[in-house]
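Asks: One structure coming up, written as structure tokens, with questions to follow.
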Amino acid sequence: MGAPVILCGKTEAVGTGVIASLKPEFDVIHFVMTPEAGAKQIPAIFKGEKEVETDSSLGSHDYSQKPVAVILGGGYDDAGTEVMMKAAAGIHPIPWLRPDLTKPAPPFGTPDYGKALVQRIKELLAQLEKEGKMHEEKVCWY
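When you number the sequence shown by the numbering used here, it's gap-free, plus one each residue, and the end is 148.
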């Protein structure tokens, strides 16, 4: 099983494809659908709680290990990201990955869109691991 991660997305349709593409390297343990939900759910997961409220059936819901990263989709803006990061600040420092929307990508909503972003996510996480930056609580752009 892959390293545990939290995925934040606006739609389960795109989320399903991203989760499948992240395997086998990463196991999405929780899928967050709104910044407000994330502000409640992510701190609970970071604290090691086993029963976490969820709005989505996506994800393995295996909270036995803490996540190594929070991955945000393109639907999360600066304000939404900030709400979640403030709520979870200092509990479990890990990178928060956000898409660089200035980089070229296939059209949003197409299967190729998710695959292209997952490739960038995997490359960034490998780079952070290599550089010893997996315990820094900051936004990293993919």
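Note that CB positions come from ideal geometry on N, CA and C, so glycine has one too.
1) If you scan the stretch 46-108 from start to end, which runs of the alpha helix (DSSP H) of 4 or more residues do you find wholly inside it?
2) Measuring CA to CA, which of Q125, E18, E142, R126 is closest to V38?
3) Out of Q125, T108, L78, P113, which has the shortest C-alpha to C-alpha gap to I48?
4) Can you name the start and end residues of the alpha helix (DSSP H) that A19 belongs to?
5) Give the range of the beta strand (DSSP E) segment to which P10 is assigned.
6) When you compare the CB positions of V24 and V124, do they come within less than 7 Å of one another, or not?
7) Report the partner residues of H36 according to the DSSP bridge assignment.
8) By a C-beta neighbour count over all protein chains shown, 10 Å radius and 16 as the cutoff for buried, is D118 buried or exposed?
9) Answer yes or no: do P101 and L134 have a C-beta to C-beta separation smaller than 7 Å?
10) Label L107 either buried or exposed according to how many other C-beta atoms from any shown protein chain fall within 10 Å of its C-beta, with 16 as the threshold for buried.
Replies: Reading it off the structure:
1) 84-94
2) E18
3) Measuring C-alpha to C-alpha distances from I48 to each of Q125, T108, L78, P113 identifies L78 as the nearest.
4) Unbroken alpha helix (DSSP H) run through A19: 18-28.
5) 9-14
6) yes
7) Answer is I12.
8) exposed
9) In contact: P101 and L134 (Cβ atoms closer than 7 Å).
10) exposed
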